[in-house]
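Counting with the working numbering, you get residues 796 to 910 for the letters of the sequence shown.
Glycine is no exception: its CB is placed at the ideal position from the N, C-alpha and C atoms.
Here's the structure, in C-alpha cells; my notes come after.
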Amino acid sequence: MMKTLTYLAAPYSGTQEQIEARMAKFYEVDAILMQRGHFTVSPLFKHVILPYGNIPGDWSYWKDYSRVMLSKCSEMIIIAMDGWSTSEGVLGEMSICREFGIPFKIFDLETGEIS
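Here it is in C-alpha cells:
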C-alpha cells in the first residue's frame, strides 16, 4: 500500500469538557488510522499550543493553515463524533476539499469503518 498523507478532521469547539472528550477520541482514532497505514495531519494537533500564546482556537484563524495542509493531502477523513455535521471548521474543511478535488470519507466511531 502506497503511503499517503491523510488530513484528519473533527469538531473542536465547545465547553472545556466537550473539547477534552473530543480530543481524547480524536487521538484514539488517529492511533487506529496510523496503525492502518494512514499518515495523518491535522491542525487539531496544534491546539495544544493555544494556552502558550495569543492564538485563537476558532475556524477564522485556522482556515488558512487548514487550506495549506489540505493542499498537500490525498484525502480527508472526518471523525463522525457528536457535532461533526454542524462544526464550522469541519464544514469549512469539506468546502476546501471540494474546491481542491480532495475526497473525504467518514470514520464511524461505532464500527471503526471508513466510508
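Since residue i and residue j are thought to touch, with beta carbons under 8 Å apart, how far apart are those beta carbons, to the nearest angstrom?
i, j, result
"L803", "S869", "Not confirmed; about 13 Å, so no contact."
"S861", "I891", "7 Å"
"S882", "D853", "Contact doesn't hold; Cβ gap of about 11 Å is too wide."
So, using beta-carbon positions, are residue i and residue j closer together than 8 Å?
i, j, result
"R817", "A805", "yes"
"M839", "F821", "It should be pointed out that residue 839 corresponds to Leu in this sequence rather than to Met. Closer than 8 Å, so yes."
"M864", "V843", "no"
"G887", "K858", "yes"
"G832", "K867", "no"
Between which two residues does the beta strand (DSSP E) holding residue i run?
i, result
"V836", "834-836"
State the start and end residues of the unbroken alpha helix (DSSP H) segment that holds residue i.
i, result
"M864", "854-866"
"E894", "883-895"
Just list the residues that DSSP pairs residue i with in beta bridges.
i, result
"L800", "F834"
"I873", "A804, I901"
"I850", "Note: I850 sits in no beta bridge, so no partner."
"I827", "Paired residues: none, contrary to the question."
"I844", "DSSP, once it has assigned bridges, lists no residue as partnering I844."
Three-pair Cβ contact test at 8 Å for the region 870-885 versus the region 893-902: Because the criterion of three Cβ pairs below 8 Å is met, the region 870-885 and the region 893-902 touch.
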